[in-house]
Structure formats: structure tokens, C-alpha cells
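Participant: Quick one: the structure is below, questions incoming.
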Amino acid sequence: MQGLFSDVPLIGVLSLLHETGQTGVLDVNAELPFTVAFAHGEVVEGGILDWTGLDALHSSPMLPESGSFSYMRRDVRGSVIAPFEKFTTDWARVSDEWAQIGTIISSPSVVLTGPLPLYDQEKGRSVRAAARDAGLPLFDVASRAADAVSSGKLRPTGRYAWYGLRLNHQGQRQTALARALDGNVNLGEVVERGFSASEVRAYLLAEIRLGLRFSGSGWVLRDLVWETKHEAAIMTTTASNDFMF
1 MQGLFSDVPL
11 IGVLSLLHET
21 GQTGVLDVNA
31 ELPFTVAFAH
41 GEVVEGGILD
51 WTGLDALHSS
61 PMLPESGSFS
71 YMRRDVRGSV
81 IAPFEKFTTD
91 WARVSDEWAQ
101 IGTIISSPSV
111 VLTGPLPLYD
121 QEKGRSVRAA
131 ARDAGLPLFD
141 VASRAADAVS
151 SGKLRPTGRY
161 AWYGLRLNHQ
171 GQRQTALARA
181 LDGNVNLGEV
191 VERGFSASEV
201 RAYLLAEIRL
211 GLRFSGSGWV
221 LRDLVWETKH
231 EAAIMTTTAS
241 NDFMF
């Protein structure tokens, strides 16, 4: 089974697989690609590349604006994440709220600092690291972090969790940035050498889409897409304000 989201929404596809008791994997081919695995009509797994689990599924858009889907019957096993109706209801709610969180902290990779537990370190801590260390759902920690930023209790440092990646990849484009990724320095150090965060982000996002894989490529892809949208929204707002003047 395959089709376009312009013809049928994702929730319609999910409901069909549930109602017909399917066992297999649904591949969502959209701006953010992800998978949803079913066993006897119930969701048991899914995620973005190598980032799997409920946090990953909740971080995936439930209403892709464009793209396609394909479903293949496969031998899938696992425990049911939640009854289907509850799973989809929670996913829809969290998906909407992630969009609001993203207008404040751009992505869970953003490094925050301030006088709050988990973030009160000299260099701060990313929301992802805070969620991991606290053993709490990523969405819950991100929501609290966004509230803290809004109230002035936390502030972004301008750094991101993916700055710590050390990649040895020349890619398909022989640019100065590609040559800088020699495995000897991390992405944060590449930025310190004069490349902008936007430039590194765009390059990394393009290479992942072309097939670059590394441990953590799933959560990195998710956050890069969020950050790119956040940056575009800021530029649009700035351009609109400049036009008004």
C-alpha cells in the first residue's frame, strides 16, 4: 500500500492499518521521514532513523504537509505502546504543542543556562541532555524549559547539542566546510573557526538527507529540521518588520 498525503491524511492511514489489524511497517516519506510499526493493528514501535521510541514518535509530525507513504507487511513484534485511540490522541496533542515549544527554544538541542537544576552549569546543558539525566520524557522537559525561557529563568547560550558531533565526512560536495569535517574537530569547533551555525546546520541536514548516517542521526535530523523552521520564521518576521518601516 502506498499513496500521497495530498490524497489521504496520515491519521487516515494509521486508522486503516489499525482497523484491519495489520502487522508491518509504515514508512512516512516527508520533510521529516519516520516509521510507525504495527503488530496486529496496534503501534509497537517507530521513530526517526536510529532514534526510536515514544519520544521519537511524539516528535514526528502527525499532519505532514506533503510527501508520501508506503506500507509493507513484515514480521513485527513488541509491546503495545498504548491503546490506539489513546496513542493517536496523545500524539496529536503533543505534536501541536511541540510546534509552540519550537517558537521559543527552536529545538531540544539548544543549550540553556540559568539558576535551575540541570542547567546551572558553567556551559549550560541541552534540553536533550537534561531529559536524559532526569529520566523524564523529552516533551515534558522541553515544555518546562520553554516556560523557563519565557519567564527569564533560562537563556539560550547559542550552542546546540549537535555541536559535540565529530564527523569525518567529505560528502558529495567538496566545499571548505566539507573539508573542515576531517574527524579531528567537532562541529562546535568548526563554528568557532568561522563557519556560521546556519551554514553547518544546512550542510549537515543536506548530507543526512543524502544518506549520511552516524550514531544519533535520527535525533539530529529531527532537531535540524525544527531549527531550520525556527530560523526561517525569524527571518520572515524580520523581513516583514523591515518592510513596514
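Here the sequence shown is numbered in full-length UniProt numbering, starting from 1 and rising by one per residue.
We put the beta carbon where it would ideally sit given N, CA and C, even for glycine.
Return the CA-CA distance between HIS58 and PHE5, expressed in angstroms with no decimal places.
Facilitator: Locating residue 58 in the sequence shown gives position 58, counting from the first residue. Locating residue 5 in the sequence shown gives position 5, counting from the first residue. One C-alpha to the other measures close to 19 Å.
Participant: One question on the structure: do GLU45 and ALA56 come within less than 7 Å of each other, judged by their Cβ atoms?
Facilitator: Along the sequence shown, one-based indexing puts residue 45 at 45. Along the sequence shown, one-based indexing puts residue 56 at 56. Between GLU45 and ALA56, the CB-CB gap reaches or exceeds 7 Å.
Participant: Does the beta-carbon of PRO64 have 16 or more other beta-carbons within 10 angstroms, so that it is buried, or is it exposed?
Facilitator: Locating residue 64 in the sequence shown gives position 64, where the first residue counts as 1. Answer is buried; the Cβ neighbour count reaches 16.
Participant: Do you know how far the Cα of GLY53 is from the Cα of TRP219?
Facilitator: As a first step, residue 219 is located in the sequence shown; it is residue number 219 there, counting from the start. As a first step, residue 53 is located in the sequence shown; it is residue number 53 there, counting from the start. Between TRP219 and GLY53, the C-alpha separation is close to 11 Å.
Participant: Just list the alpha helix (DSSP H) runs in the UniProt domain "PatA-like N-terminal" (2 to 99), keeping only unbroken ones of 4 residues or longer that don't cross its boundaries, in chain order.
Facilitator: 10 to 19, 54 to 59
Participant: Would you call residue 246 buried or exposed, if buried means 16 or more other Cβ atoms sit within 10 Å of its Cβ?
Facilitator: For the chain, the structure presents residues 1 to 245; residue 246 sits outside this window and is missing.
Participant: Run through the DSSP bridge pairs and tell me what LEU112 is partnered with.
Facilitator: Numbered from its first residue, the sequence shown carries residue 112 at position 112. Paired residues: ARG125, PRO156.
Participant: What is the residue span of the alpha helix (DSSP H) that ASP140 lies within?
Facilitator: Position 140 of the sequence shown, counted from the start, is the residue given in the question as residue 140. It spans 138 to 150 - the alpha helix (DSSP H) in which ASP140 sits, taken as one unbroken run.
Participant: Considering only residues of the same chain and omitting the five flanking positions on each side of ASP90, which have a CB-CB separation below 8 Å?
Facilitator: What you label residue 90 is simply residue 90 of the sequence shown in a count that begins at 1. Answer for ASP90: HIS58, ALA82, listed in chain order.
Participant: Which residue's Cα is closest to the Cα of SER143: GLY183, SER107, VAL43, ASN168?
Facilitator: Locating residue 143 in the sequence shown gives position 143, counting from the first residue. Closest by alpha carbon: SER107.
Participant: What does DSSP give as the partner residues of ASP182 in its beta bridges?
Facilitator: Here residue 182 refers to the residue found at position 182 when the sequence shown is read from its first residue. ASN168, per the DSSP bridge assignment.
Participant: Going along the chain, which residues of its own chain have a beta-carbon closer than 8 Å to the beta-carbon of VAL149, five neighbours each way excluded?
Facilitator: Translated into the one-based positions of the sequence shown, residue 149 becomes position 149. Excluding positions up to five away in sequence, the list reads ILE104, ILE105, LEU112, ARG155, PRO156.
Participant: Helix, strand or coil: which one does DSSP assign to ARG209?
Facilitator: Start at 1 with the first residue of the sequence shown, and residue 209 comes out as number 209. In this structure, ARG209 counts as helix in the three-state DSSP scheme.
Participant: Would ALA146 pass as a contact of LEU138 if the rule is Cβ separation under 7 Å?
Facilitator: Position 146 of the sequence shown, counting from 1, holds the residue named residue 146. Position 138 of the sequence shown, counting from 1, holds the residue named residue 138. Their beta carbons are not under 7 Å apart, which means ALA146 does not touch LEU138 by this criterion.
Participant: Measure the C-alpha to C-alpha separation of GLU192 and ALA178 and round it to an integer number of angstroms.
Facilitator: Counting from 1 along the sequence shown, the entry for residue 192 is found at position 192. Counting from 1 along the sequence shown, the entry for residue 178 is found at position 178. Each residue's Cα considered, the two are about 15 Å apart.
Participant: Do you know whose CA, among SER109, LEU205, VAL141, ASP140, lies nearest SER126's CA?
Facilitator: Counting from one through the sequence shown, the residue named residue 126 turns up at place 126. Looking at the Cα atoms, SER109 is the closest of the given residues.
Participant: CB LEU181 to CB LEU165, shorter than 7 Å?
Facilitator: What you label residue 181 is simply residue 181 of the sequence shown in a count that begins at 1. What you label residue 165 is simply residue 165 of the sequence shown in a count that begins at 1. No, the Cβ-Cβ distance between LEU181 and LEU165 is not below 7 Å.
Participant: In three-state DSSP terms, what is THR175?
Facilitator: One-based indexing of the sequence shown puts residue 175 at position 175. THR175: coil per DSSP, three-state reduction.
Participant: Work out the CA separation of ASN29 and GLU19 for me, nearest whole Å.
Facilitator: By one-based count along the sequence shown, residue 19 stands at place 19. By one-based count along the sequence shown, residue 29 stands at place 29. Going by the C-alpha atoms only, they are around 22 Å apart.
Participant: Can you tell me whether ASP223 is buried or exposed, with buried defined as 16 or more other CB within 10 angstroms of its CB?
Facilitator: On the sequence shown, residue 223 is found 223 positions in, with the first residue counted as 1. It counts as buried.
Participant: Look up SER217 in the DSSP assignment and say whether it is helix, strand or coil.
Facilitator: As a position in the sequence shown, residue 217 is number 217, starting the count at 1. Helix.
Participant: From what residue to what residue does the alpha helix (DSSP H) around LEU187 run?
Facilitator: Position 187 of the sequence shown, counting from 1, holds the residue named residue 187. First-last of the alpha helix (DSSP H) with LEU187: 187 to 192.
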